[in-house]
Amino acid sequence: METAVLSTVLNMLGPKLYTFLQQNHELRRNLEHDIHYIQNELRMIAALIDEHEHRPKHSGTVQGVWIQGVRELAYAMEDCIDRFMHQMTKSGHRLATMAVRTKFATVIQKLRKKSEDLSKLRENYTTVGSSNGNDTDESTISRTFLAYERHAPASDTVPVGMDDPQDEILEMIRETEGQRRQLKVISLVGFDGLGKTLLAMKIYQSAVVCEEFHPRAWVSAAGKSAWDILKEILRQLGSQSQEVDDYSDINKLITSLKECLQAKRFFIVIDGIQREYWNSIIKDAFPVDTGSTSILMVTTAIHSIANACSSGNGHVYVMSPLDKEHSRELFLRESSWDDYPYGSERALSTKCDGLPLALVSTAQFLQSKGQQMPQEFAKLCDNLGMHLEREDTLARMKHVLVRNYTSLPGHAIKACLLYFGIFPSGHLIRREKLIMRWSAEGLVEADPFRSRLDVAMDYFKELINRSIIQPVAVSSNTEVKTCQTHGMMLEFILHKSLCDNYITLLYDQARLPDQIRCLSVQHNQARRGKMNSDIDLSHVRSLTIFGEADDSVLEFSSYELLRVLDLEECNNLKDKHLRKICNLLMLRYLSLGGAVTTLPKEITKLKLLETLDIRRTKINILPIQVIKLPHLTHLFGFFKLEDVGQNMSKLQNYLSKKSKLETLEGFFTDNDQGFPQLLDSMINLAKVKIWWENISNASSNTTHLSNGIQVFIQRGTDMNDVRSLSLNFEECIQDQENILNFSLEDSCYLSSLKLKGKINRLPAFVTSLKGLTELSLSCSDLLNGDVLAALSNVHCLHHLKLTTGNLHKLVIRHGLLKSLRRLSIVVKSMTQPEIQQGALPNLESFRLLCKDLNGLCGISIHYFGPECLKEVTLDERMDHETKEMWKQAVKNHPRRPKVSFVKTGEVDQMQNMEVARPAENGATLALAAGIPRSVPAVDIQRQINNGSEVYVA
């Protein structure tokens, strides 16, 4: 039974009880003994659950019954606290809450009794339950497949869709003129089941490798220590078993292996590294300079391991899913069918998601069921998560999914992964939405060094690092904008979540649980039925609606304990619903969409609200009550502030003392004196986005906005703070120059600046900014040489993006922009640039989207990042001759970076999404398919990977 969410709730309740008691002195005096007992018991239960998770043998049914009782206790405790807080907030008056406190005391005493009973149950039955010495089916499966992984795949396995990847990697392996002749480490990285081992074996057995490399060795790292890996390599290289077994000192083992490989051109594969012991042990065992190019190839699902192994003279090759045609070929070959079952191709494509292991396992599973009616095949496809638990043909796929899940470090990150079950299959999920929802749900807690959002971001990065979730849209500064889970991983986590009543899908479950806590409404007309009006929604903490929902679901008076309300994709949300939403006093996260045009002033009741997202609404005037919300931290939309009138000074004074707002994305302004005058009063702001409209006689407001921007920048006094500013002036060049015509006297830190407008010169303050690592300049006309020359004075840039109609006289001289890691240019036409040798020594990524590019345009790509260039991305619309010239130029680069030609009719569309301002109704830039408005044009490659053409040279 799943315990990640339960453990997370248990660990959250202790601090929650403590905080709650601190705020309620009378309760603390009367109930302190009872609550301290429950706190201690909760800690003990959480520890026992954690111990249970790490036992090699489980105690089966008894343990399951006890955990179910603990779950009920934890949820009852959470309900008790939240209902009391709700009533206290609602009543407000000390005398009015006396009855509430009495009721709370009674419930707490009952919960203590239940906790004592659970403790006795554990003591009475633990011995009986522990006597069961049989391994679980899951542990048997794990042992079986661990043995399988310790051997290389059969040589007669015929891979599909691996010819191009094999050719790419063989190009990396071949020695070229001028290349350093030393050890090269090539890391194949990607989610388990993508075919890393098969690809490595195909290369290992290729004629080129067999003829040119001696000796060769293949070692599986599954379940092995670094010591075991090195001993196995030494054994395969010819050392006697007795000699190898005698190595009790790791240093002697390393020395012996090094001596064995010295002056030889070897090829060694270490398959399936899962632990980060490369830098501490393994790398020292291989000689670097052998007089020839030796190859060490590793496969792993963890990006940090791949990066560590291939740092220096190495390559990281990121595995991609199979495209549509290769997926079809593999599925039909394994199923022995001529075609997909009628009507099932789309569902199978989404669930298998180009993952070879998923395609093979699913094909064999469906083939084992024999001939079926289309409806029966549809049912089998719909319930793959359930069949993963039961079917032998899916056992390998299950093993991969279980291992990825159980290897996650801690219960909280596992609960965060299970949270993906809320979203429909194939749905793109915004990173910022996800981490803010995790925080609002209470799945993450702050620690002494990190805020809740920082912890959530670290969890997100770790899931990306382990290849468990995949980035879809990535910005020019490598920040993941949108993501999704692999199709089979979603099936796995959704089945776990549904079985343990963590997530409820309203129209997709035959039987709904008695207590619904996390409700996802996914509109599916084919399966949708009438909702039972008797369903109890009073325990729901999270509600997410995709498409349309029944009126009974939109009866928001039923959800008194709701923390997270995500309605941005709810099609039938109306203004009339908002007044009842404003009575949801426990809300922490609110996202709106639909036909909503106004926010009622009653929103002032949402005292606990932390995030408000109205980007997908038609709201263009923001009530003052919103920015006065005491806990509001993140505000997203495209709006003006309503007329403040004579209350400006009072509002400024209030905000300077009370505002917690950190993100304001964003407001547009003309002749109003709202946000421009309030900017310098919001002292916690760290992320601001502003659109400027050209209104005549607006000089007063120009001054206010200029002062506000200057104050915002000057508040950046800590180089460790992440602060960003985005300014969009369209064609208002005079206003733009007036507003940005200021200088900075002291050291000011701003990490990201995005400037869109008619840019004739770089504002003077930019070159004096400290810590500016990301700069984006967007100009619809000409970005001239003066602006580009001034960029050379910005010394610590890591990411530079230039978006313009015409790029004229781009000159980057030797010794300048030494820190630049990523250079992105989106342009219609450009004159011959001059990028001198040594100008970009640390460049890792070069992106140039220009369909009319004429040959290499004078760009000497071999000057770019001679030690670190990893990728070159170009416009697929270039003519064939130009493509071939770039392929050859990149092939001659000493690092042999990957070159991708992005097939995109969407480049212009994506560019417009990024730079356009909101129209008068503030909502014409509604998000499409969950992709945020600010998606750079260059980052669409991953969005079109399946079923679209991406050329790789």
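Taking this note's numbering, the leading residue of the sequence shown gets 6, the next gets one more, and so forth.
Note that CB positions come from ideal geometry on N, CA and C, so glycine has one too.
None of the values given here were measured: they were computed from a predicted structure.
Item: I need the DSSP call for I619, collapsed to helix, strand or coil.; Value: coil
Item: Short of 7 Å in beta carbon distance, which residues of its chain neighbour H582, apart from the five on each side in sequence? Order them along the chain.; Value: L559, F561
Item: Assuming the contact rule is C-beta atoms closer than 8 Å, V832 and L812 should be a hit. Round their C-beta distance to whole Å, please.; Value: 5 Å
Item: Can we say the region 592-605 touches the region 567-574, given the rule of at least three CB pairs closer than 8 Å?; Value: yes
Item: Pick from L777, H320, D276, L116: whose alpha carbon is nearest that of V727?; Value: L777
Item: Helix, strand or coil: which one does DSSP assign to K761?; Value: strand
Item: Quick check on the DSSP output: the alpha helix (DSSP H) that includes K585 runs from which residue to which?; Value: 583-586
Item: If you check the beta carbons only, do L126 and G74 fall under 8 Å apart?; Value: yes
Item: Looking at E334 and the ligand SAH, is the gap between the Cβ and the nearest heavy atom below 7 Å?; Value: In the structure shown, the ligand SAH is absent, as is every other ligand, since no ligand is present at all.
Item: Could you spell out where the alpha helix (DSSP H) holding N409 opens and where it closes?; Value: 400-411
Item: Use the C-beta contact count for Y347: other C-beta atoms within 10 angstroms, 16 or more gives buried, fewer gives exposed.; Value: exposed
Item: Quick check: what's the CA-CA separation for H803 versus N482?; Value: 8 Å
Item: Which partner residues of R852 appear in the DSSP bridge assignment?; Value: S829, T878
Item: Is the number of C-beta pairs between the region 426-436 and the region 478-497 that are closer than 8 Å three or more?; Value: yes
Item: Suppose you measure from the CA of V10 to the CA of Y424; what does that come to, to the nearest Å?; Value: 10 Å
Item: Measure from the alpha carbon of I259 to the alpha carbon of each residue in L239, I273, A268, D276, then state which is nearest.; Value: L239
Item: Taking the C-alpha atoms as reference points, what is the distance between E670 and N470?; Value: 28 Å
Item: Near V485, what residues of its chain come up, given a Cβ to Cβ distance below 7 Å and the 5 sequence neighbours on each side ignored?; Value: R436, I469, P476, V479
Item: From this set, I830, K856, N859, G820, which residue's C-alpha is nearest Y868's C-alpha?; Value: G820
Item: Give me the Cβ distance between M493 and L360, rounded to the nearest whole Å; I'm assuming they're in contact under 8 Å.; Value: 6 Å
Item: So the candidates are F906, L690, F109, L627; which of them puts its Cα closest to the Cα of I608?; Value: L627
Item: Against chain D, with Cβ distances strictly below 8 Å, would K501 count as a contact?; Value: The displayed structure is made up of one protein chain only, and chain D is not part of it.
Item: Consult DSSP for P476 and reduce its assignment to one of helix, strand or coil.; Value: strand
Item: Sort R179, C523, Y345, G375 by Cα distance to G447 and report the nearest one.; Value: C523
Item: Rounding to the nearest angstrom, what Cα-Cα distance links K5 and L499 in this structure?; Value: Absent from the structure is residue 5, since the part of the chain shown begins at 6 and ends at 958.
Item: Could you name the residues of the same chain whose beta carbon sits closer than 7 Å to that of T355, not counting the 5 residues immediately before and after it, in chain order?; Value: S430, G431, G492
Item: Could you check whether L362 and S332 sit closer than 8 Å to each other, using their CB atoms as the reference points?; Value: no
Item: V545: buried (16+ other C-beta within 10 angstroms of its C-beta) or exposed?; Value: buried
Item: Can you grab the Cα-Cα spacing for the pair S850 / R901, in whole Å?; Value: 12 Å
Item: For the region 208-241, which segments carrying the alpha helix (DSSP H) assignment without a break, of at least 4 residues, lie completely within its bounds, in sequence order?; Value: 212-217, 231-241
Item: Tell me whether K189 sits in a helix, a strand or coil according to DSSP, three-state version.; Value: strand
Item: Do I191 and Y322 have their CB atoms nearer than 8 Å?; Value: yes
Item: Out of P379, S366, Q171, point me to the one whose CA is closest to E396's CA.; Value: S366
Item: For S661, count neighbouring Cβ atoms within 10 angstroms of its own Cβ and tell me buried if that reaches 16, exposed if not.; Value: exposed
Item: Taking the CB atoms as reference points, tell me whether T772 and I744 lie closer together than 8 Å.; Value: no
Item: Considering only the alpha carbon of each residue, which of L828, V213, E881, C855 lies closest to M835?; Value: C855
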